Amino acid sequence: MASSKLKTFSFILYGVVTFLLLCAVLILIFKDDKSNCPKQKISSAEISNLLNDTLSTASSEPAVNNKNPEPIKEYNFVGEYELVSSDNFDEFLSELGIGYFTRLAATAASSRYFITKDGDSYTLKTVSTFGNSAITFKDGVPFDEDRLDGQTVKSTMQIKGNKWIQKQEGEGPDVHIIREFSPEQVKVTSIVNDVASVRIYKKIA
């Protein structure tokens with residue numbers, strides 16, 4: 001009888017110790033996860049310069065031949081793009097207030113862009129193993145967008161040359177997203193407060 005009680009007590013004690021160790025590990029993860037991954041910060045002046053340079057570069061137009069004027073061709077954004085590299089994305093999501101496990105899933109996910117055009121409207125569909133989303137917009141016209149931090153924000157997308165310059169405004173911090181297109185890829189620079197992330201999507205179709 002005493003032996004049976006001892007085994008029962010040992011089993012309960014083992015379960016309690018295991019539970020406490022698990023709790024300790026989870027506490028350490030949530031407590032130290034930010035400090036163990038120092039954020040690559042940029043100053044407000046650098047952010048301002050980046051946005052100003054993007055706008056001035058994108059809005060510059062080539063000289064027009066007065067003898068044979070030709071309309072400036074609109075950049076062709078339509079296509080399919082696959083994520084091939086990601087830098088500082090976890091730190092960006094952390095600054096946005098996204099929880100650890102959600103960030104873990106988001107940073108590990110594969111991702112593709114599908115861009116289509118209908119008249120003067122563009123649709124950007126993001127398909128990933130983390131989740132799918134889509135936005136439809138017109139140049140300079142505000143629209144509502146659901147953001148990863150759970151907020152519905154007011155977004156505005158400006159099309160300048162080969163760039164999409166997006167600003168998200170809501171109750172939380174403003175977010176700037178610059179998508180710079182080339183024939184081979186799109187470079188996505190996302191900025192919240194003083195933290196920036198750069199992701200590269202390769203054009204595959």
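In the UniProt record's numbering, the protein residues as written are 1 to 205.
Idealized CB from N, CA, C, for every residue including glycine.
All figures in this text were calculated on a predicted structure; none of them were measured in a lab.
query	result
Rounded separation between Phe-130 and Ala-105 - CA only	6 Å
Three-state secondary structure (DSSP) of Glu-95	helix
C-beta atoms of Arg-103 and Leu-96 nearer than 7 Å	no
Short Cβ contact (7 Å threshold) for Phe-143 with Ser-155	yes
Reference Gln-185, options Glu-74, Ile-115 and Lys-167, closest by Cα	Ile-115
Inter-residue Cα distance where the pair is Val-141 and Ile-98	28 Å
Secondary structure, alpha helix (DSSP H): runs of 4+ residues fully inside the stretch 167–196	none
Distance between Lys-202 and Thr-136 (C-alpha atoms, nearest Å)	21 Å
Asn-193 at chain D interface by Cβ criterion, 7 Å	Going by chain labels, chain D is absent from the structure shown, which holds only one protein chain.
Straight-line gap, Asp-194 to Lys-125 (C-alpha atoms, nearest Å)	27 Å
Straight-line Cα distance separating Asp-118 from Lys-34	A caution first: Lys-34 carries a pLDDT of 41, below 50, which makes its placement in the model unreliable, though a value can still be read off. Near 42 Å, if we compare the C-alpha coordinates of Asp-118 and Lys-34.
Pairwise C-alpha distance: Trp-164 and Ala-109	23 Å
Coarse secondary structure for Leu-148, derived from DSSP in three states	coil
Whole-number beta carbon distance between Glu-91 and Ser-197, since they are thought to touch under 8 Å	7 Å
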